[in-house]
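Below is one structure, written out as structure tokens; the observations come after it.
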Amino acid sequence: KQAYLAGILRISYKSRKATHYAVADPEATSEALVHVETNRGDSTVTLPPDLFAPIVGYREAKELFFRALRATKPVHLLMLGPPASAKTVFLMEVHRLSGAQYHLGSSSTKSGLATQLLELRPPFLLIDEIDKMGADDQNILLSLCETGIVKETKYGRWREARLSTKVFAAANRITGLRPEVISRFQPLVFASYTKEQFIQVVEGVLTTHEGVP
Numbered sequence: 083k084q085a086y087l088a089g090i091l092r093i094s095y096k097s098r099k100a101t102h103y104a105v106a107d108p109e110a111t112s113e114a115l116v117h118v119e120t121n122r123g124d125s126t127v128t129l130p131p132d133l134f135a136p137i138v139g140y141r142e143a144k145e146l147f148f149r150a151l152r153a154t155k156p157v158h159l160l161m162l163g164p165p166a167s168a169k170t171v172f173l174m175e176v177h178r179l180s181g182a183q184y185h186l187g188s189s190s191t192k193s194g195l196a197t198q199l200l201e202l203r204p205p206f207l208l209i210d211e212i213d214k215m216g217a218d219d220q221n222i223l224l225s226l227c228e229t230g231i232v233k234e235t236k237y238g239r240w241r242e243a244r245l246s247t248k249v250f251a252a253a254n255r256i257t258g259l260r261p262e263v264i265s266r267f268q269p270l271v272f273a274s275y276t277k278e279q280f281i282q283v284v285e286g287v288l289t290t291h292e293g294v295p
């Protein structure tokens with residue numbers, strides 16, 4: 083509510099039971115995250131100096147990612163935009179960090195997602211095509227983002243853990259995502275690259291990470 087009153091968020095959906103918000107001012111959102119509790123000097127996260135280097139532009143988005151990565155409490159980011167707007171490149175850059183785990187929403191399963199979270203306890207969960215996740219997976223994700231609790235029931239037995247996993251996700255659209263899941267993320271809306279910017283991104287990825295001249 084404070085973010086809404088400050089003009090950072092706008093109401094995107096409202097009913098008698100729930101109110102959902104969207105970013106009204108990306109730069110104001112960047113300033114708001116300054117106030118997220120961080121542990122800059124003693125953070126256990128080691129960030130490579132060239133993190134996000136292949137990505138052209140998106141200065142505010144990069145700043146938000148750095149702050150979310152260093153935050154002492156989970157901050158979840160959801161990138162929205164058309165294809166070829168660097169969303170997956172952001173995820174692949176975070177995937178370079180120790181312990182980060184990648185999921186493709188269209189191919190994840192309830193048991194697979196819960197098992198991976200419980201067994202690997204990743205500090206960062208990366209989900210591409212999050213809008214294509216099934217209802218069961220969305221339930222697991224909602225519990226993780228709301229409370230940090232992940233539960234799994236298998237063959238009449240169950241296990242449970244409380245995690246501090248930060249979720250970074252990407253989608254072309256939010257159709258298919260439950261409103262309560264969307265509400266647990268800080269949305270970042272991306273625009274399409276120009277052809278020249280796209281070529282710069284491709285060259286950056288190939289030369290930096292693939293060793294191509």
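The sequence shown begins at 83 in this note's numbering and counts up one residue at a time. Virtual Cβ for every residue (Gly too), placed ideally from N, Cα, C.
Only residues of its own chain outside the window of five on either side were considered, and among them Ala166 have a CB closer than 8 Å to the CB of Phe280, listed in chain order. Here the alpha carbons of Arg239 and Leu159 stand approximately 33 Å from one another. Contact between Gln220 and Arg178 is ruled out by a C-beta separation of about 27 Å, above the 8 Å threshold. A distance below 7 Å separates the beta carbons of Met215 and Gly187. For Leu173, the enclosing alpha helix (DSSP H) covers residues Lys169 to Val176.
DSSP, read as helix, strand or coil, puts Phe250 in strand. Of the residues Leu223, Lys169 and Thr229, the one whose Cα lies closest to the Cα of Thr197 is Leu223. Note: Leu162 is bridge-paired with Ala253 and Val271 in the DSSP secondary-structure output. Under the criterion of beta carbons closer than 8 Å, Leu202 and Phe250 do not qualify as touching, at roughly 16 Å. Exclusion of the five residues before and after Val138 leaves Ala168, Tyr275, Gln279, Gln282, Val283 and Gly286 as the residues of its chain whose Cβ lies within less than 8 Å of its Cβ.
By the criterion of a C-beta distance shorter than 7 Å, Val171 is surrounded in its chain by Pro136, Ile137, Val283 and Val287, once the five residues flanking it on both sides are discounted. In this structure, Leu173 sits near Asp210, with a CB-CB distance shorter than 7 Å. Judged by DSSP secondary structure, Ala143 falls within the alpha helix (DSSP H) whose first and last residues are Arg141 to Arg152. In the DSSP annotation of this structure, the continuous segment of the beta strand (DSSP E) that includes Glu234 starts and ends at Ile231 to Lys236. Under the DSSP assignment, Leu186 falls in the beta strand (DSSP E) whose first and last residues are Gln183 to Leu186. Going by beta carbons, Arg255 and Cys227 fall outside the 7 Å limit. Under the DSSP assignment, Phe206 falls in the beta strand (DSSP E) whose first and last residues are Phe206 to Asp210. With fewer than 16 neighbouring CB atoms inside 10 Å of its own CB, Pro131 falls in the exposed class.
Under DSSP, Ala243 takes part in a beta bridge, and its partners are Val232.
Taking C-alpha positions only, Leu200 is separated from Ala217 by approximately 19 Å. Contact annotation: Pro204 and Gly181 have beta-carbon atoms nearer than 7 Å. Rounded to whole angstroms, the Cβ separation of Gly230 and Arg241 is 15 Å, and the two are not in contact under 8 Å.
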